[in-house]
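Chemist:
Protein chains: 2
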Amino acid sequence: MQFQLTTDFIATIEQLIANKDGHALRELLKEYHFADVAELLEELNSDEATYLIKLLKSKITSEALMELDEDLRERILENLTPTEIAQELEELDTDDAADIIAELDDKTQKEVIDKIIDEEHAADIVELLNYDEDTAGALMAKELVQVKETWTVAGCVREMRRQAENVTRVHSIYVTNREGKLTGRLSLKDLLTASEKTKISEIFIPKVDYVTVHTDNEEVARIMQKYDLEAIPVVDENGVLVGRITIDDIVDFIKEEAEKDYQMAAGISQDVEADDSIIALTRARLPWLFLGLLGGVGAAAIMGGFEEVLNNHAILLLFTPLIAAMAGNVGVQSSAIIVQGLANDDVKGSIGNRLIKEMLLAALNGAALATVLFFFIWGWKGTIDYGLSISVSLFVVIIVAGIIGTFIPLFLHKRGIDPAIATGPFITTSNDIFGILIYLYIAKLILGI
Amino acid sequence: MQFQLTTDFIATIEQLIANKDGHALRELLKEYHFADVAELLEELNSDEATYLIKLLKSKITSEALMELDEDLRERILENLTPTEIAQELEELDTDDAADIIAELDDKTQKEVIDKIIDEEHAADIVELLNYDEDTAGALMAKELVQVKETWTVAGCVREMRRQAENVTRVHSIYVTNREGKLTGRLSLKDLLTASEKTKISEIFIPKVDYVTVHTDNEEVARIMQKYDLEAIPVVDENGVLVGRITIDDIVDFIKEEAEKDYQMAAGISQDVEADDSIIALTRARLPWLFLGLLGGVGAAAIMGGFEEVLNNHAILLLFTPLIAAMAGNVGVQSSAIIVQGLANDDVKGSIGNRLIKEMLLAALNGAALATVLFFFIWGWKGTIDYGLSISVSLFVVIIVAGIIGTFIPLFLHKRGIDPAIATGPFITTSNDIFGILIYLYIAKLILGI
């Protein structure tokens, strides 16, 4: 199980592909897990990868395709015929198959679906494609184990054997009534302990968590996490059981959400990776840098407006980067705590209380930092005036930065806007400008200029 | 299932607790899910919460206790007797029980364990407490369904009924040999389809992923995610099956890891929440702010060294915050991409190639930003000299910042240090200083001072 992809191994594979030695490749790779095959494919160029996909069994390659980076998958799929793509999809659960089909253009989608032999599978995939993205309908799979209230335990086990053929893992056994409406679930334990002739209606648990096809992904993730569910059934508008969502799909979603917040905080529009093209990375990064440039130009303009002060007290200028940096740091800290708290749904109480707490916190930190700075400037320049004006400014700037950093995400959240956008460049830039403005005003005041 | 905690409901509960109306409270809350009870407890003060914990059935309250914030749980546990705590633990899976016990002081731990009636349960908890934190041993639970190779299907089903009593969910059926060593797993499907007299040795799957008690949590999470596992068996040094880890424990771990990176990037030492005390928050935030202060003082000292330049070309000073901010932004972007890539294990290839790519990217972004800045300064001040020197500096600073932002996390990672520490204040501060230094040198060069 300790699979390690060595450069030697990759070289061997590449050589075998160059020799078109299909037999040796099949032998070499037959014991490999699809996730390991996927890791291997990522190291090959798209022609080599395509060759392997065509060569190996769809049972392995279909799952490996799912694991690939979207770009590579797209390049491989372009080299496959609709029939070949259909063969891969045939092996996948409906939710995964629908995800792959959704990446194809409309014409190819139709062609591929026509080539899927299992008609029920094809119909299921088409159904999934019709749901809105970001809803439970688009996230669910059609594969599940479903028994009727009216069945006996013996009949139920018989039917489960049949259904289990299509289901990779039996998470839960869902119980429905005559009209197919979800009425409860059956515990495996109860099924194993009941006598063969017992009716399901006598032993099933009539309480079951569920979501509808229109439930938002975020809400699905929240419910599954809160109630520690490993699978949740999905019903349509009429309460009819139509699919189920498993925890592994939610794990990916949770991870992506956490990463998105992090990327936003770093000034990167979501969904880029280290291996993306320079153009894609530029598109994700440049807009935020422009915002930063704008802020810097704004700061320069503000400082330009204090020309007299600066000409006669040039020392003040030496500390503008410090003030700006501290305003930015404090703002990012405050906003990150709020953004994370909001994401985890544990920011409670009024905005007013939050702001008072942040103000006290900032005052405490600010006092410590300002004191240190005061003694430093005093030691360096030997004048109390400058030390006092700069460190008092720092103190005020830190408090204001903390308040802005707390208020903006809370405000955005109230307005229904993703507060994560407030961390990072946005808050740094606005705090830079506010910081410098406050700094110069206070210095002017204290120095009596 | 759409549980909403209203202030009215909380007020009702508080009133009933004040009246010590245990009967009404039990009636009102008996249908509630433990996760909802936990949400309610979070809204009460610790005396009220303790009252409810003592009042309601341990079956519900034990699980609710697990969901609580650590601080609140600690305050509640302080008000419970060892016997009462033992009653709660009796209802929990061993992994959760061990987590709670680990939070108690040594003396209370002993007392509580003595009061646990189920001796096997107590012994299991003690075993779990002995494993190192952050290893599979400390993460696993002892509850699992285990069958012997030598059994028949009929015997297996009989035995499973017995074992299933203690297992909340049957994830996988693990197969062991005479010595208890893990030899494979059994699919429920195969069990359902095989005849009663079939030997397990004929139908079990001899291939199974596993980890040892010493495997690092991070590695467990990586394996479970990579291979899409919902549970993984844990073996000891001799290959004997001793426990299993389920995906819900890993979900929490994955989430915490992603949040930790985010907090580090924001300059917050891990593990604080919006609701923590001001002292705890200060401890997490102040050290990073001191680092920023140090950086700012360094920047001031550097600028002080260019006094002549600055006296005669004061306009240069107006743009130092811009230069520092841009260096910081670019550095944070580059490092965030690398840190996230390393966390997801998809940063491959040599450091050299990464640096070249980042350099090209930074050059592209830098050229665009520098051009805009040039025209802005030209328009504002009407001189080409300043515009040229400031924007050329910006271009160079952006490239250097990108390289530093890429190199530092890669370097730390190679050294076995968590690269997340490199994002945020650390990289911003060093980039501020480098940026300003480069800026002033280049300006001096171009202006020929």
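As you go down the protein sequences, you meet chains H and G in turn.
Here the first sequence stands for residues 1 to 449, numbered as in UniProt numbering.
Here the second sequence stands for residues 1 to 449, numbered as in UniProt numbering.
From the three backbone atoms N, C-alpha and C, an ideal C-beta is built for every residue, glycine too.
Quantities reported herein were computed from a predicted structural model and do not represent experimental measurements.
(1) If the cut-off is 8 Å on Cβ atoms, which residues from the region 318-334 of chain G count as contacting chain H, listed in chain order?
(2) Between the region 146-163 of chain H and chain G, which residues of the former have a C-beta closer than 8 Å to a C-beta of the latter?
(3) Less than 8 Å between CB atoms is the rule here; does H:L388 satisfy it with respect to chain G?
(4) Helix, strand or coil for H:K381, going by three-state DSSP, please let me know.
(5) Relative to chain G, which residues along the region 277-299 of chain H have a C-beta separation below 8 Å, given in chain order?
(6) Rounded to the nearest angstrom, what separates H:H313 and H:S334 at their Cα positions?
(7) Which residue comes first and which comes last in the alpha helix (DSSP H) that contains G:Q146?
(8) Buried or exposed, going by whether 16 or more other CB atoms sit within 10 Å of the CB of H:K142?
(9) With a cut-off of 8 Å, does the C-beta of H:P425 fall near any C-beta of chain G?
(10) Mind checking if G:Y32 is an interface residue toward chain H, Cβ cutoff 8 Å exclusive?
(11) Let me make sure I understand the geometry here. Which of H:N79, H:F34, H:K57 and H:D114 has the alpha-carbon closest to that of H:N45?
(12) Let me confirm a value: H:M1 is counted as buried when at least 16 other C-beta atoms fall within 10 Å, else exposed. Which label applies?
(13) Would you tell me roughly how many angstroms separate the C-alpha atoms of H:M160 and H:V147, rounded to the nearest one?
(14) Where does G:I398 fall in DSSP's three states?
(15) Can you name the residues of chain H whose CB is closer than 8 Å to the CB of G:Y262?
(16) Helix, strand or coil for G:Y441 per DSSP?
(17) Cβ of G:A301 within 8 Å of Cβ of H:F319?
(18) Would you kindly check if the distance between the Cβ of G:P409 and the Cβ of H:A324 is under 8 Å?
(19) Name the DSSP bridge partner or partners of H:R185?
(20) In the DSSP output, which residue or residues are listed as bridge partners for G:R244?
(21) In the DSSP assignment, find the alpha helix (DSSP H) that holds G:Y51 and state where it starts and stops.
(22) Can you find a CB in chain H that lies within less than 8 Å of the CB of G:K255?
(23) Using a Cβ-Cβ distance under 8 Å, would G:Y227 count as near chain H?
(24) For H:K184, would you say it is in contact with chain G, using Cβ-to-Cβ distances shorter than 8 Å as the test?
(25) Just mark H:S393 as buried or exposed, buried being the case when its beta carbon has 16 or more other beta carbons within 10 Å.
(26) Within 8 Å, do at least three Cβ pairs link the region 188-200 of chain H to the region 215-231 of chain H?
(27) Could you check what DSSP says for H:M1 in three-state terms: helix, strand or coil?
(28) Is H:L44 close to chain G? Criterion is C-beta to C-beta, closer than 8 Å.
(29) With DSSP as the reference, identify every bridge partner of G:D216, one or two as the case may be.
(30) Determine contact between the region 203-216 of chain G and the region 179-194 of chain G, defined as no fewer than three beta-carbon pairs at a distance below 8 Å.
(31) Hey, how far is the Cα of H:A64 from the Cα of H:D36?
(32) Among G:V297, G:D418, G:F374 and G:T371, which has the Cα closest to the Cα of G:D432?
(33) CB-CB under 7 Å to G:I436, same chain, minus the five flanking residues each way: which ones, in chain order?
(34) Residue range of the alpha helix (DSSP H) that H:T7 falls in?
(35) For the 8 Å Cβ check, are there 3 or more pairs between the region 358-367 of chain G and the region 394-403 of chain G?
(36) What in chain G is Cβ-close to H:T193, meaning under 7 Å?
Modeler: Put simply:
(1) Correct list: L318, F319, T320, P321, L322, I323, A324, A325, M326, G328, N329, V330, V332 and Q333.
(2) Against chain G - using a Cβ distance shorter than 8 Å - the residues of the region 146-163 of chain H are V157, M160 and R161.
(3) No, H:L388 lies away from the interface with chain G (no Cβ there is under 8 Å from its Cβ).
(4) In the structure shown, H:K381 sits in a helix (DSSP, three-state: H, G or I).
(5) Within the region 277-299 of chain H, the residues whose Cβ lies closer than 8 Å to some Cβ of chain G are I278, L281, T282, R285, L286, W288, L289, F290, G292, L293, G295, G296, V297 and A299, listed in chain order.
(6) Those two C-alpha atoms are separated by around 32 Å.
(7) Looking at the DSSP string, G:Q146 is not in any alpha helix (DSSP H); the run it does join, the beta strand (DSSP E), is V145 to K148.
(8) By the 16-neighbour rule on beta-carbons within 10 angstroms, H:K142 is buried.
(9) Taking a beta-carbon distance threshold of 8 Å, H:P425 counts as an interface residue toward chain G.
(10) Chain H contact via Cβ: absent.
(11) Residue H:N79 is the option with its Cα nearest to H:N45.
(12) Any reading at H:M1 is ruled out, since the residue's pLDDT is 48, under 50, leaving its predicted position unreliable.
(13) Distance between the alpha carbons of H:M160 and H:V147 is about 8 Å.
(14) Note: G:I398 maps to helix in three-state DSSP.
(15) Ordered by position in chain H, the residues that pass the 8 Å Cβ test against G:Y262 are A258, D261, Y262, A265, A336 and Q340.
(16) In the structure shown, G:Y441 sits in a helix (DSSP, three-state: H, G or I).
(17) No, Cβ-Cβ distance for G:A301 and H:F319 is not below 8 Å.
(18) No. Outside cutoff.
(19) Its beta-bridge partners are H:Y174 and H:I205.
(20) Under DSSP, G:R244 takes part in a beta bridge, and its partners are G:A141 and G:P233.
(21) Element bounds for G:Y51: S46 to L55.
(22) Yes, contact with chain H.
(23) Interface criterion met: the Cβ of G:Y227 is under 8 Å from a Cβ in chain H.
(24) The amino acid occupying residue 184 of chain H in the given sequence is Gly; Lys does not appear at that position. Closer than 8 Å: no.
(25) Sixteen is the threshold: when 16 or more other Cβ atoms of the shown chains lie within 10 Å of the Cβ of H:S393, as they do, the residue is buried.
(26) No: the two stretches stay apart, fewer than three of their Cβ pairs being nearer than 8 Å.
(27) Annotation note: pLDDT 48 at H:M1 (below 50); position unreliable, coordinate value reported separately. H:M1: coil per DSSP, three-state reduction.
(28) Judged by the 8 Å Cβ criterion, H:L44 is not in contact with chain G.
(29) Per DSSP, G:T135.
(30) Short answer: they touch.
(31) About 8 Å.
(32) When C-alpha distances from G:D432 are compared across G:V297, G:D418, G:F374 and G:T371, the shortest belongs to G:V297.
(33) Answer for G:I436: A299, I302, M303, T320, I323 and A324, listed in chain order.
(34) It spans T7 to A18 - the alpha helix (DSSP H) in which H:T7 sits, taken as one unbroken run.
(35) The answer is yes - the region 394-403 of chain G touches the region 358-367 of chain G, with three or more Cβ pairs under 8 Å.
(36) Scanning chain G for C-beta atoms nearer than 7 Å to the C-beta of H:T193 yields R161, reported in chain order.
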